[in-house]
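Visitor:
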Amino acid sequence: MNRMNKTVLVINILVVFSIALSLISVTASRGSEDASELQNRAIFGPGDIKHGYESADYTTDTLDLLNRIGKEAELIEFARQPPLGLPPVPVPADNPLTTKKILLGRKLFFDRRLSINNTFSCAMCHIPEQGFTNNEMETAVGVEGRSGKRNTPTVYNVAYLDRIFHDGRESTLEQQVWSPFLARNEMANPSIGYVINKIRAIDEYDGLFEEAFNGRGPTMETIGMALASYQRTLNAANSPFDRWYYGKEKDVISEQAKRGFELFTGKGTCSACHLVQSEHALFTDDRLHNTGLGYEASMSRDSGTTRVQLAPGIFTELDNSVIESVSRAKENDLGLYEVTEDPNDRWKFRTPSLRNVALTAPYMHNGSFHTLREVVDFYNQGGIPNELLSPLIRPLDLTESEIEDLLAFLQSLIGSNVPALVADAFAAPIGDVSKDDPDWTHKNKLKY
Amino acid sequence: MKKMSKLHARWIQGSIASLCVLLASVVGFQSAAIADETCMSPYMAKIVGQEDYVYIWTLGKEGVGDGQDKLVTVSVNPESKYYGKVVNSLSVGGRNEAHHSGLTDDRRYLFAGGLDTNKIFIFDVHSNPSKPSLHKVITDFVEKTGGMVGPHTMYALPGRIMVSALSNNKDHGGRTGLAEFTNEGEFVAAHWMPTDEDMRGAVKVGNIADGYGYDVRVLPRRNVMVTSSFTGWSNYMMDFGKMLADPEAMKRFGNTVVVWDLHTRQPKKVFEVPGSPLEIRCAWGSQNNYCFTTTALTSKIWLIYEDGAGEWHAAAVGDIGDPSQVPLPVDISITADDKGLWVQTFMDGKTRYFDVSDPHNPKQTYEHVVGSQVNMTSQSWDGKRMYFTSSLLGNWDKTGDQDEQFFKLFEWDGEKLVEKFAIDFYAENLGRPHQMRFGAYSLYGQKPNSKDTLLSQLME
């Protein structure tokens, strides 16, 4: 990372923390500032803090897992009355939101037993304090360490999506949950029936489905409905931007961020895909585009060496043949083409929302950009030319100060209720195997 | 426990003082012949003669045999008609990321951990040393420990097994701790690693207190326990090549060694040891108040030592190969006389012998290519027999033609290694051999069982 990028990163971090502090300060009492700052840092990023790791004088500020503070929230209210800047939450007529369904869905979301070998819950990739994504790797890793080829997308504001996954292959949250349950490189359950049988065999779930679904037990449908209900409440907005733009508060974002918004909707043309409307903004057009990044990943040639960090301040250049010797076969990623098989859809990926984007690094469908600065630089250069490049992508000629302005704007999109959502997640029980749970070595065995 | 032969001793129970007296008086503490596999707990019963079996904790591999983890027993006594052959294989279900194992102090049970599934398999190795049986499975390690993931080192303390974990159930990162179990596998206590937010009474000597874990070793004479630091589940389960190319992932390695008060389990000092210090080997000599560790990524030998004033320090004392090429030192093994340190470097498949007579100034005096990749080693107490296995981690092992998976025995005459036999674990449809532990009839007052059979005969 060059000096400029470092500077931007440090500024980004400071901005995120300062925004976060201002959000927390509403409820924090004087005299407990230290505790509140710690909780704040626990909520806005990995507690295993690595800022400055590139430097030899890197100093840890590691948070302690045992000190996390959970606090349950009235999650249903974030769906009934979405925070400022979000439209009404679309709720399917056949799956109305109830608190029982939401809490059941939350329990399922954090249950590591819902995988073939009891190691993976949804939350092992969608980590609450890491923007409900994973800040610590570019692309996901699933059961038995099997490689995913895509970056874990955040689940903030997924209630509004009509196209789900980076390739847009799924249409409802109720259906979506079964893909990770069954994907061999995610939770790797061998069948739908296996998941249902396992839930039935775990005592903690006794009666919970029946109470939430008018007597219906765990089924493919009710499991999807419960998980969708929880995710439908994870709406994070009322950000400083929302308070300024929709709330008409004057001084909640900086002049630099305001200039950044002008660029976002003007010279930068970002809002052509990341939509901002008069009453609300989802910051996505819910469509798929070819930016050239996928094309490059599929078609580029070996560059010879890779710079690898070994310790704080210690790097080496490793020959790619060395890396190849310990690499398993890497799957290409052709985006929407993998759904439609239309060659014109090669390397098209879904436009992500930019809400809370400062919390969801690394970026792009393959996590290859680690900072927002890298993302802005990519679009400023006009993406990567290829015959299917979206006509919306072109060089932007943004100046250095304009890039800084744009970054300041992007930092202003963290929802004010993020602390509440993360603290609620911290309060959720994590499902790990007990002696009463099903296992072939226990009395409680799944019946097959 | 059954009556023991005069060929072995047992040191358990009692205070540090009485232990030292016992060691010094019974076996002559300054002599070389006090250790068996030289890297084991000083509380453990010893094999001081010829080992009969090596128990190899083996990773299952999809497409190889039954594809699941197993404990493989190989006959290694030259007197046996099955010398150099697999005599038993006990499959345990699943690919748990079989990794390290450790014997109880009385050497009756072998605890073997799964870094992925967090199961700990407890094998009975005393009832029939040629044919271990599955005695018990700990399945609730994560729940009992309050969220630790990745049971790694299984280390014998008096009546206890200390388990060092690698990760946690909240972010699959490196923050973790130690967990203590009875020899019967009942959970006793969790000891989380010190972090900046909660140093748990320890002093941060350098800039780093990352809360990561890996190995654990003790120096009872000094009431000292030492731990090292590797990486969390996300990395150790990740494809190695994918991880090397991911700058975010490469930030998630441990850079610390912690010195603890052994009796109180209180961390005392957190040392900055950059580049993932892995195995720890403590010296045996009564005046040798130090331990070695090696850093996987930065390829250095570090000395953790006590000065004349009783203060503990950490110092880098030597390079291993060319650190810029990341030879990746993995397992290490100290000789019983504290004069030598074997270091395996995974990437070039070498074992390297360092003269550590002056522990502050190690000198490499010998190297030998064991295979296309090499990881673990176990040496007999007299240092004459060196056993090697090839596998590092399921998704870190080499690929293609370089993915050799073997168990090999070499003899060491002080100048060179000579191969005695090798078993191809893929050809045998077994999997990927990892850690080795020795077994012997003499430990239990037994003799070879006439009913012993060769596994291959059973399979015919």
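One line per chain: the protein sequences are A and B, in this order.
Quick note: to get this note's numbering, add 3 to the position in the first sequence (first position is 1).
Quick note: to get this note's numbering, add 105 to the position in the second sequence (first position is 1).
Ideal placement from N, C-alpha and C gives every residue a C-beta, glycine not left out.
Check whether the stretch 416-433 of chain B touches the stretch 296-307 of chain A, counting contact only when three or more Cβ pairs, one atom from each stretch, lie closer than 8 angstroms.
Guide: No contact exists between the stretch 416-433 of chain B and the stretch 296-307 of chain A.
Visitor: Under a Cβ-count criterion, where at least 16 other Cβ atoms within 10 Å of its own Cβ denotes burial, should W162/B be classed as buried or exposed?
Guide: As a first step, residue 162/B is located in the second sequence; it is residue number 57 there, counting from the start. Buried, because 16 or more other Cβ atoms sit within 10 Å of the Cβ of W162/B.
Visitor: Identify every run of the beta strand (DSSP E) within the stretch 238-298 of chain A, keeping only runs that are complete inside it and at least 3 residues long; order them along the chain.
Guide: Listed in chain order, they are 291-293.
Visitor: Starting from K438/A, trace the beta strand (DSSP E) both ways and give me its first and last residue.
Guide: The residue given as residue 438/A occupies position 435 in the first sequence. Looking at the DSSP string, K438/A is not in any beta strand (DSSP E), and its letter there is neither H nor E.
Visitor: Return the Cβ separation of S232/A and G108/A in integer angstroms, given the expectation that the two are a contact with Cβ distance under 8 angstroms.
Guide: Working through the first sequence from its first residue, we reach residue 232/A at position 229. Working through the first sequence from its first residue, we reach residue 108/A at position 105. The pair is a contact, with the Cβ atoms about 5 angstroms apart (cut-off 8 angstroms).
Visitor: Tell me the rounded alpha-carbon separation between D60/A and R357/B.
Guide: Here residue 60/A refers to the residue found at position 57 of the first sequence. Here residue 357/B refers to the residue found at position 252 of the second sequence. Distance between the alpha carbons of D60/A and R357/B is about 16 angstroms.
Visitor: Can you pull the chain C residues whose beta carbon is under 9 angstroms from the beta carbon of W297/B, in chain order?
Guide: Absent here is chain C; the protein component of the structure consists of chains A and B.
Visitor: Run through DSSP, which three-state label would W517/B get?
Guide: The residue you call residue 517/B lines up with position 412 of the second sequence. W517/B: strand per DSSP, three-state reduction.
Visitor: Could you spell out where the beta strand (DSSP E) holding V323/B opens and where it closes?
Guide: As a first step, residue 323/B is located in the second sequence; it is residue number 218 there, counting from the start. Counting along the chain, the beta strand (DSSP E) containing V323/B begins and ends at V321 to L324.
Visitor: Using a C-beta to C-beta distance shorter than 9 angstroms, which residues of chain A count as neighbours of H539/B?
Guide: The sequence position of residue 539/B within the second sequence is 434, counting from 1. Those do not exist, as H539/B stays about 15 angstroms from chain A at its closest Cβ, beyond 9 angstroms.
Visitor: Does any CB atom of chain A fall closer than 8 angstroms to the CB of K503/B?
Guide: Mapped onto the second sequence, residue 503/B falls at position 398. Yes, contact with chain A.
Visitor: Checking contacts by CB at 8 angstroms: is S180/B closer than that to chain A?
Guide: Here residue 180/B corresponds to residue number 75 of the second sequence, with the count starting at 1. It does not: the Cβ of S180/B has no partner Cβ on chain A nearer than 8 angstroms.
Visitor: On a CA-only basis, which of Q478/B, T336/B and D443/B is nearest G488/B? Give me that one, please.
Guide: By one-based count along the second sequence, residue 488/B stands at place 383. Comparing Cα positions, the closest option is D443/B.
Visitor: Go ahead and pull the three-state DSSP assignment for W338/B.
Guide: Taking the first residue of the second sequence as 1, we reach residue 338/B at position 233. Reduced to three states, the DSSP call for W338/B is helix.
Visitor: Measure the Cβ-Cβ separation of L211/A and F112/A and say whether it is below 8 angstroms.
Guide: Against the first sequence, residue 211/A aligns to sequence position 208. Against the first sequence, residue 112/A aligns to sequence position 109. In this structure, F112/A does not lie closer than 8 angstroms to L211/A by Cβ.
Visitor: Near E445/A, what residues of its chain come up, given a Cβ to Cβ distance below 8 angstroms and the 5 sequence neighbours on each side ignored?
Guide: Working through the first sequence from its first residue, we reach residue 445/A at position 442. Per the sequence shown, residue 445/A should be read as His rather than Glu. Result list for H445/A: K438 and D439, in chain order.
Visitor: Determine, using beta carbons only, whether T403/B comes closer than 8 angstroms to chain A.
Guide: Position 298 of the second sequence, counted from the first residue, corresponds to residue 403/B. True, the Cβ-Cβ gap to chain A drops below 8 angstroms.
Visitor: Give the straight-line distance between the Cα atoms of G218/A and A270/B, rounded to the nearest whole angstrom.
Guide: Here residue 218/A refers to the residue found at position 215 of the first sequence. Here residue 270/B refers to the residue found at position 165 of the second sequence. Approximately 42 angstroms, taken between the alpha carbons.
Visitor: How big is the Cα-Cα spacing for G415/B and E377/B?
Guide: Here residue 415/B corresponds to residue number 310 of the second sequence, with the count starting at 1. Here residue 377/B corresponds to residue number 272 of the second sequence, with the count starting at 1. Their Cα atoms are separated by approximately 19 angstroms.
Visitor: Can you list, in chain order, the residues of its chain with a C-beta nearer than 7 angstroms to that of V1/A? Leave out the 5 residues immediately preceding and following it.
Guide: Residue 1/A lies beyond the stretch modelled for chain A, which goes from 4 to 451, so this question has no answer here.
Visitor: Could you pull the DSSP bridge partners for M541/B from this structure?
Guide: Walking along the second sequence from the start, residue 541/B turns up at place 436. Its beta-bridge partners are I161/B.
Visitor: May I have a chain-ordered list of the alpha helix (DSSP H) segments no shorter than 4 residues that lie completely inside the stretch 362-400 of chain A?
Guide: Listed in chain order, the complete alpha helix (DSSP H) runs (minimum 4 residues) inside the stretch 362-400 of chain A are 375-383.
Visitor: Check each residue of the stretch 334-352 of chain B: if its Cβ is closer than 9 angstroms to any Cβ of chain A, include it; give the result in chain order.
Guide: The stretch 334-352 of chain B vs chain A, Cβ under 9 angstroms: G337, W338, S339, N340, Y341, M342, M343, D344, F345, G346, K347, M348, L349, A350, D351 and P352.
Visitor: Please classify Y451/A as buried or exposed, where buried requires at least 16 neighbouring CB atoms within 10 angstroms.
Guide: Here residue 451/A refers to the residue found at position 448 of the first sequence. When all chains shown are included, Y451/A counts as exposed.
Visitor: Based on the DSSP output, what are the partners of N273/B in its beta bridges?
Guide: The count along the second sequence starts at 1 and reaches residue 273/B at position 168. In DSSP, N273/B forms a bridge with M253/B.
Visitor: Suppose the cutoff is 8 angstroms on Cβ atoms and the five residues either side in sequence are ignored; what does the same chain contact list for L87/A look like?
Guide: Position 84 of the first sequence, counted from the start, is the residue given in the question as residue 87/A. So the qualifying residues of the chain are A240, N241, D245, R246, Y249 and G250.
Visitor: In three-state DSSP terms, what is Q135/B?
Guide: Counted from its first residue, the second sequence places residue 135/B at position 30. Unreliable positioning characterises Q135/B in this predicted model, as indicated by a pLDDT of 32, which lies under 50. A coordinate reading is not provided.
Visitor: Identify each residue in the stretch 362-378 of chain A for which the Cβ-Cβ distance to at least one residue of chain B is less than 9 angstroms, and report them in chain order.
Guide: Residues passing the 9 angstroms Cβ filter: A364, P365, G370 and H373.
Visitor: In three-state terms, what does DSSP make of Y317/B?
Guide: Counting from 1 along the second sequence, the entry for residue 317/B is found at position 212. Coil.
Visitor: When you compare only the Cα positions, how much space is there between D344/B and G499/B?
Guide: Within the second sequence, the letter at position 239 stands for residue 344/B. Within the second sequence, the letter at position 394 stands for residue 499/B. If I take the Cα positions, the gap works out to 9 angstroms.
Visitor: Count the other CB atoms within 10 Å of the CB of V146/A; is the residue buried (16 or more) or exposed (fewer)?
Guide: Numbered from its first residue, the first sequence carries residue 146/A at position 143. Looking at its Cβ environment, which holds 16 or more other Cβ atoms inside 10 Å, V146/A is buried.
Visitor: Would you verify that the beta carbon of S330/A is, or is not, closer than 8 angstroms to some beta carbon of chain B?
Guide: In the first sequence, counting from the first residue as 1, residue 330/A sits at position 327. Judged by the 8 angstroms Cβ criterion, S330/A is in contact with chain B.
Visitor: So which residues on chain A does R280/B lean against when the C-beta distance must stay under 9 angstroms?
Guide: Numbered from its first residue, the second sequence carries residue 280/B at position 175. Chain A residues near R280/B: G50, D51, T65, L66, D67 and L68.
Visitor: Check N8/A in the structure and name its three-state DSSP category.
Guide: Here residue 8/A is taken as the residue at index 5 of the first sequence, counted from 1. Caution is warranted here: a pLDDT of 47 is assigned to N8/A, below 50, making its placement in the model unreliable, and no coordinate value can be reported.
Visitor: Would you mind sorting I119/A into buried or exposed? The rule is 16 or more other CB atoms within 10 Å of its CB.
Guide: Counting from 1 along the first sequence, the entry for residue 119/A is found at position 116. Answer is buried; the Cβ neighbour count reaches 16.
Visitor: Could you give the DSSP three-state label for N323/A: helix, strand or coil?
Guide: One-based indexing of the first sequence puts residue 323/A at position 320. Here N323/A sits in helix by DSSP.
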